[in-house]
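Taken in order, the sequence shown gives residues -24 to -1, 1 to 590; the numbers are from mature numbering (1 follows the signal peptide of the UniProt record, and there is no 0).
Heads up, the beta-carbon is just placed ideally off N, CA and C, and yes, glycines get one too.
All of these numbers come straight from a predicted model, not from anything done at the bench.
What follows is a set of notes on a single structure, which appears directly below.
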Amino acid sequence: MIPRRTFMAGAAGLALGAALPASAARAAGGRFTVQGDQFLLDGQPLWLLAGELHYPRIARADWRDRLRKLKSLGLNTLSTYVFWNAHEKAPGHYDFTGNLDLAAWVSLAQEEGLHVFLRAGPYACAEWDGGALPAWVFPDETVKARTLDPTYMSLSGRWLKRLGQEVAHLEVDKGGPILMTQVENEYGSFGQDRAYMEAVRDQIRAAGFDGPLYTVDGASVIEKGALPSLINGINFGTTDKAEEEFKRYAAFKPTGPRICTELWGGWFDHFGEVHSSMPVPPLLDSLKWMLDNHISISFYMAHGGTSFGFDAGANFDRKTQTYQPDISSYDYDALLDEAGRPTPKYDAVLDLLKRYLPPERFAPLPEPRKALEVPRFRLTETAAPTPLWGKAVEASAPRTLESLGQSHGLMRYRHRFAKAAKGTLRVGEVRDYAVVSVNGRRVGVFDRRLKQREIDISAQAGDWLEVLVDTMGHVNYGERIGMDQKGLMGGVTLDGQPVTGWSHQGLPLDDLTGLTFQAGAGDGPAFHRGTFEVTEAGYTFLDMRGWGKGYAWVNGHNLGRHWSVGPQRSLFVPESFLKIGTNEVVVFDLHPATEGSMAGGRAQIWDLPGQVKE
């Protein structure tokens, strides 16, 4: 049993900034150290109570609102991952602007009186595409992720050095808010190579991060991933008992400060399942035990937000060998919902924290933003994707997107039959979903989730076989990280005979300029366009029921993926994505539009347990 610690509100309050006014005085720098089982800031005990937020999952205009809601819970620290593939979408081309301005995000946390845990990685997991490892690092399976593979380590070191140029100067002893920087992430759930972990640690040090470093693992695998010389945190959720998890931790490391670096109060969702929800009482039980024992805590997630665009990742179930793509909503059944609104879970946690923290720790909630209802409107214009297809690349066998320099979006594979053909078309594997056509006539689909790989076709001499592949998230957890290249894999056969001679045309969906819209409905795959009016500031959720599978944009902002398999039935549109007056919506759908209209509502629409799915 972990010895019960004595809570001294006065000393802890001083170190935590408990007396800071609700106007959020700037968090001061200082000297962050460890002594015995305590964290210290300038020699004073520091009880760390954090909430996890991810800057790319929150519209920049909402950053301050979400940070202030951490303060309204009495929390004093922001925990945030860094997403390598968001910042380096192409080798050596870095982006730290707009919603990716990490230095601004960290500095804003300091303005709001918050300390920061910087989860530098380079691997993040986080239900993020590829776990934040760029797809271009893995043009094939020869580069081994999260190992001492020289290619991987060289690229990782280059990235971390660039990251250091952005934010290493914001460590606490340099006047910033970053208390400690994380080395890798949950490595014990992936491998047990101590030399690799030490090499990543050295890369982070070489990047200019001079302050305390820490590791994060599940308690049952901590000996595989943690570096005992660093600060070590553990992650667990409401199905686990905090007391038992810290007993396991103590067997690994009897001394040192205790911190739950991820307290999972919710969970994420896969396409084709029902919406996850986790009960409140077990969360409160673990939380109360840790508060009683003065253990530091980080809520994962305090607010999940949205995996906009192509940012959602995927799991791969090892037992069933099943691919499980994540939805675009990262609501996570968190304390704050996808739109940043307090939930009953928030209220329950707040009530408990108020028993342990002085009243001045709790800033008032910001004024709520307005949720808008948008009357149903039709998308009356359609455009074919033809102008957006990239230059054709010819090859004997189908190639992956990554080998062709593309990380996401669509790839069109075409083969022309020299003579009449009939039989069973079989692919080794489709990653991740494909529409199959012969001479423009749709004959079926391949869905990776369902392990669909065969379809009967019939073609005449000169007919074109087209397999249009739509990619989902790269696997972000487990042994298949870096081994999830996209496209048609393993060759194609017709009645057992190889089909050779393929044309490849990519469509990354990053730039829609060039589309020519005209009135009328399209048969799909097609882009559909419409407009709606907004008369006041606010956010909304676009109801996507009646659509098939694809993507949606509002005023040029990619909201993410929609798919009729659920459980997510609407797409979140932040207030800053909208404008007073006319707003444009573009929907790409792989299938014929059965409805061709949509509306905006005040809440996410879920498939919930016990419901009959549409």
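Where Pro(-4) falls, given that 16 or more other Cβ within 10 Å makes a residue buried: Because the pLDDT of Pro(-4) is 36, which lies under 50, any placement of that residue in the model is unreliable, and the question is left without a value.
Exercise. From what residue to what residue does the beta strand (DSSP E) around Trp539 run?
Worked result: 533 to 539
Less than 8 Å between the C-beta atoms of Thr9 and Ala26, yes or no?
no
Self-check item: Local conformation of Lys264 per DSSP, three classes
Solution: helix
inquiry  = What does the Cβ neighbour count give for Glu590, buried or exposed, with the cut at 16 atoms within 10 Å?
reply    = Only weak support is given to the placement of Glu590: the predicted model assigns it a pLDDT of 38, under 50, and the value that follows is read from those uncertain coordinates. That one is exposed.
- Task: Between the Cα of Glu249 and those of Glu560, Pro301, Arg95, Pro233, spot the shortest distance and give me the residue it belongs to.
- Result: Pro301
- Item | Proximal residues to Pro585 (C-beta, below 7 Å), its chain only, five neighbours per side dropped | Val250
Q.
DSSP has Pro474 in a bridge; who is on the other side?
A. Thr469
Backbone CA spacing between Arg36 and Ser552 [nearest angstrom]:
8 Å
- Task: Return helix, strand or coil for Lys398, following the three-state DSSP convention.
- Result: strand
| said: Looking at the secondary structure, which residues open and close the alpha helix (DSSP H) in which Ser252 lies? | reply: Unbroken run through Ser252: none, as it is neither H nor E.
How would you write the range of the alpha helix (DSSP H) that Ile431 sits in, first residue to last? Per DSSP, Ile431 belongs to no alpha helix (DSSP H); it is in the beta strand (DSSP E), 430 to 435.
**Message:** Here's the rule: buried if 16 or more other CB atoms are within 10 angstroms of the residue's CB, otherwise exposed. What is Arg352?
**Reply:** exposed
Checklist entry - Are Pro32 and Ala62 close, meaning C-beta to C-beta below 8 Å? => result yes
Residue ranges of each alpha helix (DSSP H) within the stretch 210 to 240, 4 or longer: 218 to 228
Rounded separation between Ala579 and Val445 - CA only:
31 Å
| field | Exposure label - Arg122; buried when at least 16 CB within 10 Å | value | buried
Quick check on Lys321: buried or exposed, where buried means 16 or more other Cβ atoms within 10 Å of its Cβ? buried
- prompt: In chain order, what residues of the same chain lie with their CB nearer than 7 Å to the CB of Asp423, ignoring the 5 residues before and after it?
  reply: Tyr409
Exercise for review: Determine the DSSP secondary structure at Ser(-2), reduced to helix, strand or coil.
Suggested key: With a pLDDT of 36 at Ser(-2), under the threshold of 50, the modelled position of that residue is not reliable, and no figure is offered here.
Q. Considering only the beta carbon of each residue, do Glu378 and Trp112 sit closer than 8 Å?
A. yes
Q. Rounded to whole angstroms, how far is the Cβ of Pro484 from the Cβ of Asp245, which I believe are closer than 8 Å?
A. That pair is no contact at about 25 Å.
### Query
Got a sec? Which residues, its chain only, sit under 8 Å from Asp149 by beta carbon, not counting five neighbours each side?
Gly5, Gly6, Arg7, Phe8, Asp186, Gly187
Residue(s) in a DSSP beta bridge with Ala359: Phe503
Exercise for the section: Kindly indicate which three-state DSSP category Ser283 falls into: helix, strand or coil? Expected result: coil
Assign Ala(-1) to buried or exposed, taking buried as 16 or more other Cβ atoms, counted over all protein chains shown, within 10 Å of its Cβ.
-> Here the model assigns Ala(-1) a pLDDT of 42, short of 50, so the residue's position is not dependable and the matter cannot be decided.
| request: Please classify residue 626: does DSSP put it in a helix, a strand, or coil? | output: What the structure shows of the chain is the stretch from -24 to 590, and residue 626 is not part of that stretch, so it cannot be assessed.
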